[in-house]
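Read in the numbering used here, the sequence shown has 33 at position 33, and its numbers run on one by one without any break. We put the beta carbon where it would ideally sit given N, CA and C, even for glycine.
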Amino acid sequence: MSISGISAGAHICCVLQHICRDARIPLVLAVLSVPVCTDFAKYIKPSDSPFASYTEFSNAPMLNWERMRYFGQHIF
Numbered sequence: 001m002s003i004s005g006i007s008a009g010a011h012i013c014c015v016l017q018h019i020c021r022d023a024r025i026p027l028v029l030a031v032l033s034v035p036v037c038t039d040f041a042k043y044i045k046p047s048d049s050p051f052a053s054y055t056e057f058s059n060a061p062m063l064n065w066e067r068m069r070y071f072g073q074h075i076f
């Protein structure tokens, strides 16, 4: 079995890895995941980031700065 994910899917994959480990369920194949980007958590406002995209997309319709901060507060 193999599972993988990017962003939220990666977070789910990491949780599944720990559930399998704790339940002593052996994973036959490598479980791959790409970790979630958490760099934004150290900035108070988008312009604090050295990445122009943080400011450029801070008002994006789906994943704007306020939503990133909201999700960040629930991950850490």
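Query	Result
Contiguous alpha helix (DSSP H) assignments of at least 4 residues, all confined to the stretch 4-32	8-22
Proximity winner among 69, 20 and 47, relative to residue 41 (alpha-carbon distances)	69
Span of the alpha helix (DSSP H) around residue 52	52-56
Between the CA atoms of residue 48 and residue 18 - distance to the nearest angstrom	34 Å
Simplified DSSP assignment, three categories, for residue 45	coil
Inter-residue spacing [alpha-carbon to alpha-carbon] between residue 51 and residue 60	15 Å
Whole-angstrom distance between residue 21 and residue 45, CA atom to CA atom	38 Å
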